[in-house]
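Quick notes on the structure that follows.
2 protein chains.
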Amino acid sequence: MAGKNIDKSDALNDPDNARAVTSYDVARVAGVSQSAVSRCFKPGASVSKKMRDKVMKAANSLGYEPNAIARSLLTRRSNLVAVIISNLTNLYYPEVLSQLSQQFSDRGIRVLLFALEGEGKTEAALQQIWQYQVDGVIAAVKLTDEQLAEFNRRNKPLVFYNRFYTSLAVNAVCCDQAEGARHLVNDLVAAGHKRFGIIGGPEDSVVAHERMAATMDRLKELGIADITSVSGDYSYECGGAGIEDIRLKRGEIPEAIICVNDLSAIGAIDALRYSHSKKVPEDVSVVGFDGVGPSNWSSYDLTTVRQPVGRMTDAAVTMLMERIENPSLPPEKRVFSGIMIEGTSAKISE
Amino acid sequence: MAGKNIDKSDALNDPDNARAVTSYDVARVAGVSQSAVSRCFKPGASVSKKMRDKVMKAANSLGYEPNAIARSLLTRRSNLVAVIISNLTNLYYPEVLSQLSQQFSDRGIRVLLFALEGEGKTEAALQQIWQYQVDGVIAAVKLTDEQLAEFNRRNKPLVFYNRFYTSLAVNAVCCDQAEGARHLVNDLVAAGHKRFGIIGGPEDSVVAHERMAATMDRLKELGIADITSVSGDYSYECGGAGIEDIRLKRGEIPEAIICVNDLSAIGAIDALRYSHSKKVPEDVSVVGFDGVGPSNWSSYDLTTVRQPVGRMTDAAVTMLMERIENPSLPPEKRVFSGIMIEGTSAKISE
DNA sequence: AGATATTTTGCATTCGAATGCAATAATTCA
DNA sequence: TGAATTATTGCATTCGAATGCAAAATATCT
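These protein sequence lines are chains A and B, in that order. Quick note on our numbering: the first sequence kicks off at 65 and runs consecutively. Quick note on our numbering: the second sequence kicks off at 65 and runs consecutively.
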């Protein structure tokens, strides 16, 4: 015991290996036991005022902060949560991440960030996640069945964000992609549009598929047959490329363009205006999806469906925290309706 | 010892408290000691092939992953790094964060994210950071002298990102704000502009101040006297508001507008075009700073200075890792020149 | 083969805080 | 004041992996 203290003071003289202050150091200075120090930092523990004062004085003088790592080891609660997000440069995700981070922070939880380049590197991230004993995970990426099974096996709470597994019992918070898509289609058709171009999203994005499928279905339900669809990747560039593809595929540019997300819609608008000399919305109506910041910039004033990000992240955080407290809660899915934003990038039936 | 194993199997029958698989479990199944298991997971350790095979087989069958928390406690290396960022919705930071995250990840380091709302809540974040024993910190926020002293006291490596402390010996990676600003001014003046409006940034942003100061200085050096400056907050909205403020302050809108960042420049352009019926760049030249994605969208094609984000984050990560390996390395500052992007939002002398 | 050098393996301890239990101190009540 | 309660405190152990040291197992050489 004495040895330990001597080592410590030696270390302090050597700035290179300055050891952190521990509860034992505080205990020694305050002249109490280590347990007492521990209890003083545990809310609701049985500690006399005198004790608390002594300990806190010592703790402050030494600059003591409890070691969360050591605590986690024993309590099996790291107060860490992993957030897996696929591409942060998507304009949509920064807001999500920012909200998640703040909401977790408000609940005393820290966020371990896994920003994947594509939805590919997931496996490596998961391995890290297991090693770090996170209490739960928010995934805005797709997982394989095996990966999902691993979560169950380890009994690790998981909440999907905007990934909906129709056939699986998982926790998920989503925006109703299909509903929003139908709404957009309804409005465009009501405005009298008959010829449609659709710019899709990445192959591996569930969300893109949902929006795309719902759009097609609804168009057909409404008796629209003239539909030209091309693929995209959520980017600004793919909006312009998509317009060009559609033009090539179809001979001319149709009067209504539906893009699976705002960013590609913005790209499409710019291409229409600056490369094809078309007026939006006079010549061509364009709609997007997400309601990200730039969608309401004056240059675009996009007609789109805004995802209620704040409510969604709040739901996701709450849902995860509930499962962390009580892992046996049954899976739950919460689906939020998007908010229709009637911009001026599309003609509207008056 | 036997008791432990029995408890474990009991726990496994109760899915609610399923304990994670530990090195002891693997050791038992493989019929070796716990130390042996530990060594098998340590690269370069002295282990026979036979042993490694046995252990790995057992580990795989049990789904064992070393507990990073336990390891950290003993090795005093958490392999965690904190990244403190002020406002993620800034368009500039998502890219930075994404790069940092990937570069740390490539080096086997995990990122603990602290996304602050303003540069205010820093203190609370720091407290968490101390508790989590992170190996180092990247700060894209300002710190008080006391907070800085705390880093020194704890001997915790810290690298500032785009916060330059002229008078203090700290590690920092920055873009040369002043140089970029001067370059922009040079070009505008060379193009013949004589009347200037300037839209500033948040009071508490060092970067905004630097850009602003350099801009003013250079303008004066070049003999420009007609300067109207107003405040802003980096947002799209403040660009429009700034234009209006300038108009009110000055009677009319000057022929050149310098904004401290791209986002407000974009807001300014939109306001000029859609609220003030001005043409950009024919009537008014507008320049920004940062080189964020939207700056090269066709609608804006902003003349701006792009920060070499990839190189900067790479430098920051390298610098931090070096200090983690060797805390006694002296402080270092690396300043990168921005890349002048000649867009079409400003008239250029031909 | 026998002795020496070398590689593997296991034992025991350590990291720092939390907690059940028992001991002690402070209150309460008769 | 003394006994019975109740509130505090300390002791000892625990979490899971890493590591110095010594014991055991191999390999090398004469």
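The beta carbon of each residue, even a glycine, is placed where N, CA and C say it ideally should be.
- DSSP places residue 333 of chain A in the helix class (H, G or I) of the three-state scheme.
- Considering only B:363, B:358, B:299, the residue with the shortest C-alpha distance to residue 370 of chain B is B:358.
- Between residue 241 of chain A and chain B, the shortest Cβ-Cβ separation is not below 7 Å.
- Using beta-carbon distances, residue 283 of chain B does not count as an interface residue toward chain A, since no partner is under 7 Å.
- Of B:285, B:86, B:194, B:154, the smallest CA-CA separation from residue 258 of chain B is found for B:285.
- If the five residues before and after residue 96 of chain A are omitted, its C-beta is found closer than 8 Å to the C-beta atoms of 115, 118, 119, all from its own chain and listed in chain order.
- Under DSSP, residue 367 of chain A takes part in a beta bridge, and its partners are A:351.
- Residue 306 of chain A is not bridged by DSSP to any residue.
- Rounded to the nearest whole angstrom, the C-alpha separation of residue 382 of chain B and residue 245 of chain B is 27 Å.
- Of the residues B:151, B:223, B:84, the one whose Cα lies closest to the Cα of residue 386 of chain B is B:223.
- By the neighbour-count criterion, in which a residue is buried when 16 or more other Cβ atoms sit within 10 angstroms of its Cβ, residue 261 of chain B is buried.
- The CB of residue 99 of chain B never comes closer than 9 Å to any CB in chain A; the least such distance is about 18 Å.
- At least one C-beta of chain B is nearer than 7 Å to the C-beta of residue 153 of chain A.
- What residue 165 of chain B touches in chain A, judged by beta-carbon distance under 8 Å, is 152, 177, 178, 179, going in chain order.
- Going by C-alpha positions, residue 146 of chain A is about 28 Å away from residue 212 of chain B.
- Secondary-structure assignment with DSSP links residue 290 of chain A through a beta bridge to A:259.
- In its chain, beyond the 5 residues on either side, 317, 340 have a beta carbon closer than 8 Å to the beta carbon of residue 311 of chain B.
- Between residue 178 of chain B and residue 148 of chain B, the C-beta gap is smaller than 7 Å, which places the two residues in contact.
- Taking a Cβ-Cβ threshold of 8 Å, the residues of chain A close to residue 133 of chain B are 133, 136, 137, 142, 196, 197, in chain order.
- With contacts defined as CB atoms closer than 7 Å, residue 377 of chain B and residue 192 of chain B fail to qualify as a contacting pair.
- A direct Cα-to-Cα measurement between residue 300 of chain A and residue 154 of chain A gives close to 10 Å.
- Across the set A:407, A:271, A:165, the C-alpha of A:165 shows the shortest separation from the C-alpha of residue 144 of chain A.
- DSSP places residue 275 of chain B in the helix class (H, G or I) of the three-state scheme.
- Boundaries of the beta strand (DSSP E) harbouring residue 178 of chain B: 174-179, taken from the DSSP string.
- Between residue 338 of chain A and chain B, the shortest Cβ-Cβ separation is below 7 Å.
- Taking a C-beta distance under 7 Å as the contact criterion, residue 405 of chain B and residue 368 of chain B qualify as a contact pair.
- Among the residues facing chain A, residue 328 of chain B is not included, as its CB has no counterpart in that chain under 7 Å away.
- Within the region 300-314 of chain A, contact with chain B at the beta-carbon level (separation under 9 Å) is assigned to 300, 304.
- Residue 174 of chain B reaches chain A at 176, 192, 196, counting residues in chain order whose Cβ is nearer than 7 Å.
- Between the alpha carbons of residue 170 of chain A and residue 372 of chain A lies a distance of about 20 Å.
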